[in-house]
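Let me begin by presenting the structure, written as structure tokens, before commenting on it.
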Amino acid sequence: MLNSLFSPSFFVHSSDSFGGGHLLESLLVLLGTLVESGFPAFLQKAFPGIHALPNIHPLFVHFPIALFTTFLLLEIIAMMRRSDRIYHAASWTLYVGVVFAVTAILLGMQAARSVPHGGIIHSIIDQHEGYATTATAIAAILSLWRMVAREHLINLSPARWFHLLLAVLMVLFIFLTADLGGLMVFKFGVGVHG
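Here it is in structure tokens:
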């Protein structure tokens with residue numbers, strides 16, 4: 010189950026490298042070592058659902074969905090009220106969302122390797138990964154933009170409206186990602202023990 014969760018390669022398709030992020034890799038290896046050393050009996054009883062998971066991707070996927078959606082709502086409110094404080098809250102929500110999204114993608118790539126699949130499921134996984142990567146790339150661009158060009162985003166400038174359009178697109182892609190994840194689990198039973 011969780012023993013094979015943290016292999017050195019996180020990619021679904023023929024890649025031997027982690028692709029950077031050595032700190033995250035080290036943390037995941039540490040967590041993997043802790044998991045491999047045994048899930049303590051009291052934790053097995055306290056968290057039987059987590060103990061039964063074939064991988065921990067499901068524990069992280071909801072954070073980017075919630076954080077990116079919250080960011081969009083805060084951004085709209087900040088624009089309507091012209092509030093600098095809400096703008097800053099939206100920014101930090103986005104930044105944290107990017108961290109969780111990258112983590113969810115890396116764990117998802119590993120999860121795809123840990124569950125048997127083929128045919129239609131393989132195609133859905135590819136599309137799911139593509140949507141997740143697109144949403145995260147847009148979020149990263151929005152984050153960098155907010156850090157570098159903050160003064161252009163405070164007022165209701167054309168740049169701010171374009172920024173909002175990208176945020177809507179990001180949330181659309183994260184919803185498409187979630188939909189395909191749900192399809193794999195609830196229609197095809199991927200990663201579910203019968």
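Numbers given in my numbering equal positions in the sequence shown, counted from 1, plus 9. Each residue gets a CB set at the ideal place from its N, CA and C atoms; glycine is no exception. Fair warning: this is a prediction, and the values are worked out from it, not measured in the lab.
Residue burial annotation: Val177 is exposed, with fewer than 16 other C-beta atoms found within 10 angstroms of its C-beta. Around the beta carbon of Met156, fewer than 16 other beta carbons lie within 10 angstroms, which makes this residue exposed. Gly198 and Ser92 have their C-alpha atoms spaced approximately 45 angstroms apart.
With a contact defined as Cβ atoms closer than 8 angstroms, Gly117 and Pro73 miss out at about 11 angstroms.
Per DSSP, the unbroken alpha helix (DSSP H) holding Ile129 starts and ends at 128-157.
With a threshold of 16 other beta carbon atoms within 10 Å, Val111 meets it and is buried. By the Cβ test, the stretch 164-182 is in contact with the stretch 71-90, since at least three Cβ pairs between them sit closer than 8 angstroms. Close CB contacts of Phe182 within its chain, under the 6 angstroms cut and outside five residues either way in sequence, are with Tyr140, Thr143, Ala144 (chain order).
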